[in-house]
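A short write-up of the structure that comes next.
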Amino acid sequence: MLRTTLPFGLLFALAACAQFPALDARIPPSERQAPPAPLLPLIPILESADALSASGGFEAELSARADALAARSAGLAPTSDPAEDAARLDALRQRAANLRAATPWQASTPSASLP
C-alpha cells in the first residue's frame, strides 16, 4: 500500500507547486474596469416556473406539439422496406445459428453466406 501511495502523494505535491497560467491577463482592461453585472433575484423566476408547471397549460401545449409531430411523421415515407428488413433479419439469424453450431476452428473462417 505504501509503495503505491507514496508515488501518488509525491505526484500530487509536485502538481500543487505548478504555476497557473495568467488568466487575468486575457481579460481586456475595459472589461476589468467595467462594473459587475447586476444580479437578478431568483425567487420571481422560480415562482413563475412553478406557476407554469402547476397551471397545466405547459403539459397541454407539450402534448399538442407531440401530437403534431406524430401526425407529421406519419406522412413521411418509410426509410426501409419491411420485406427486405425481414429477409436480412432471417439471414442474420441463420448465420448466427450456423456460427453457434460450428466448431471453434470453423467459426473463425469467413462465411460464404454473407451478402
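In mature numbering (1 follows the signal peptide of the UniProt record, and there is no 0), the protein residues as written are -18 to -1, 1 to 97. All C-beta atoms, glycine included, are put in the ideal place defined by N, C-alpha and C.
field: Euclidean distance between Cα positions of Thr(-15) and Arg75
entry: 50 angstroms
task: Could you tell me the distance, in whole angstroms, from the CA atom of Ile27 to the CA atom of Gly(-10)?
output: 46 angstroms
Alpha-carbon to alpha-carbon, Ala(-3) and Ala16: 33 angstroms
query: Any Cβ of chain C within less than 8 angstroms of the Cβ of Leu5?
result: Note that chain C does not occur in the displayed structure, where there is just one protein chain.
query: For the alpha helix (DSSP H) that Pro11 lies in, which residues bound it at each end?
result: Pro11 to Gln15
- request: Put Ser62 into one of helix, strand or coil per three-state DSSP.
  value: coil
- request: Return helix, strand or coil for Gly(-10), following the three-state DSSP convention.
  value: helix
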